[in-house]
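Only one structure is covered here, and it is reproduced in the block below.
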Amino acid sequence: MEKYLFRQMPRGYAGGWYAPIDEPVLGGLYGTCFDVEVAKEDDTYRMWFSWRPTRLIGHTTSKDGIHWEMPSVVLASVPGSDWEGYEVNRPTLVKRNGLYHMWYTGQTVSSEFTKASSSIGYATSVDGLNWERRPEPVMRPEYPWEKYALMCPFVLWDEENSIYRMWYSGGEQYEPDAIGYATSKDGIHWDRLENPIFVSRADSYWQCKKVTAPFVLEVDGGYVMYYIGFDGSGHSAVGAVCSEDGISGWTEHPDNPLIAGKDGSWDHNGICKVSIIEEESGGCKLWYNGCNRQREEIGILLKDEHHTMWGVKGAPEVEKQREPIEYQGPVEKKMWL
907 MEKYLFRQMP RGYAGGWYAP IDEPVLGGLY GTCFDVEVAK EDDTYRMWFS
957 WRPTRLIGHT TSKDGIHWEM PSVVLASVPG SDWEGYEVNR PTLVKRNGLY
1007 HMWYTGQTVS SEFTKASSSI GYATSVDGLN WERRPEPVMR PEYPWEKYAL
1057 MCPFVLWDEE NSIYRMWYSG GEQYEPDAIG YATSKDGIHW DRLENPIFVS
1107 RADSYWQCKK VTAPFVLEVD GGYVMYYIGF DGSGHSAVGA VCSEDGISGW
1157 TEHPDNPLIA GKDGSWDHNG ICKVSIIEEE SGGCKLWYNG CNRQREEIGI
1207 LLKDEHHTMW GVKGAPEVEK QREPIEYQGP VEKKMWL
């Protein structure tokens, strides 16, 4: 019998984040839009996102991060492919030496003889719109904890060590279970750790079931990782942890979860993958996909300061915005209210 922690998920935003508008910035007539990657080039924001109606990756631009142009298709699934024949989604990008590198999730569906699966693909482009993809995935599920699905890659280029660093999710096909780590010299051949570097916590009600979809910021003294946590009822929220090496010794933000949706709002039923830009002028923008029972769309949050480490020697103290909720103990999943 599965048992999960029974506590009411906090509502709204913490950690300095606030919503400039009370509605999504992308979705609506475009249908389900989710799991975005946003980059800023000169004075233009570029968004690559998962576009569910046609099961492909879309692209759009904006001058302010709020008002977006009509999207276009930049990468579609490949009919007949044994790893990306059903859907492509969840992109992450690095631009180096004038070339865009994109890693993404390719997915299949169950058949009479095979289980549904997810793998990580790779493509390059000179403009971010027209892509040349590798015919085979660069990573498939391999270790026991990865089960049938690798998805939600996030990649940084480590200039000092001349390597790509990837944080990714593995496990179940519908929302993976844990976060893994890999490195590569060329973005194609990856060396991954045998075990996940970040897992769910039975003693933490909002992330007691699954953790997934990492987004990592390199900050002074270490790394800050945002991620999705799932509670025992399947509701999701976003939290943050920091680490000196980006692999181990993770310290939770004292106000986790930081982004949990608002009652009665368009994002009240769940918060998913984020993409963050720290502006040169100061402050941050964060895009995320939120959902209710009808649709899933993209929203935006703002923060007035850049990120710093917390909970380590010499780090500034983080002001707590939420009062702790008394622990009420584990209950059967069917008893969730």
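Position one of the sequence shown corresponds to residue 907 (the numbering used here), numbered consecutively onward.
Where is the CB? At the ideal position from N, CA and C, for every residue including glycine.
Small disclaimer: the values here were computed from a predicted structure and weren't measured.
Check whether residue i and residue j have beta carbons under 8 Å apart
i	j	result
residue 960	residue 932	no
residue 1115	residue 1137	yes
residue 1245	residue 1131	Nothing can be reported for residue 1245, as the shown portion of the chain is limited to 907 through 1243.
residue 1215	residue 1127	yes
residue 1103	residue 1117	no
residue 1027	residue 1046	no
residue 1195	residue 1204	yes
residue 915	residue 1166	yes
residue 1208	residue 1189	yes
residue 1014	residue 996	no
residue 1029	residue 1062	no
Between the CA atoms of residue j and residue i - distance to the nearest angstrom
i	j	result
residue 1091	residue 1200	43 Å
residue 923	residue 1164	8 Å
residue 1183	residue 1210	12 Å
residue 919	residue 970	21 Å
residue 937	residue 957	8 Å
residue 990	residue 1119	19 Å
residue 1007	residue 1044	13 Å
residue 939	residue 1173	13 Å
residue 979	residue 944	16 Å
residue 926	residue 1051	39 Å
residue 1001	residue 1009	12 Å
residue 1106	residue 993	27 Å
residue 910	residue 1113	With a pLDDT of 47 at residue 910, under the threshold of 50, the predicted position of this residue should be treated as unreliable, though the coordinate-derived value follows. C-alpha separation (whole angstroms): 10 Å.
residue 928	residue 985	39 Å
residue 1140	residue 1110	14 Å
residue 930	residue 1084	28 Å
residue 1077	residue 1064	27 Å
residue 1179	residue 975	21 Å
residue 1168	residue 1197	11 Å
residue 1159	residue 1181	18 Å
residue 983	residue 963	9 Å
residue 948	residue 1067	27 Å
residue 977	residue 950	15 Å
residue 1212	residue 988	42 Å
residue 1080	residue 1088	22 Å
residue 1171	residue 1192	18 Å
residue 968	residue 1202	20 Å
Residue i - partner residues in DSSP beta bridges
i	result
residue 1013	993, 1024
residue 945	952
residue 965	954, 978
residue 1005	1002
residue 1030	1007, 1038
residue 1244	Outside the shown range of the chain (907 to 1243) lies residue 1244, about which nothing can therefore be said.
residue 1098	1088
residue 936	For residue 936, which the question treats as bridged, DSSP gives no partner whatsoever.
residue 1206	1193
Fill in: Start-end ranges of the beta strand (DSSP E) lying completely within the segment 1103-1188, minimum 3 residues
1116-1125, 1128-1136, 1142-1149, 1176-1184
Fill in: Inter-stretch contact at 8 Å, needing at least 3 Cβ pairs: the segment 1029-1041 / the segment 1056-1063
Remark: fewer than three beta-carbon pairs, one from each stretch, lie closer than 8 Å, so the segment 1029-1041 and the segment 1056-1063 are not flagged as touching.
Item to complete: Just list the alpha helix (DSSP H) runs in the segment 1039-1088, keeping only unbroken ones of 4 residues or longer that don't cross its boundaries, in chain order.
Response: none
Worksheet item: Below 8 Å, can you find three or more Cβ-Cβ pairs linking the segment 1061-1073 to the segment 1014-1023?
Response: no
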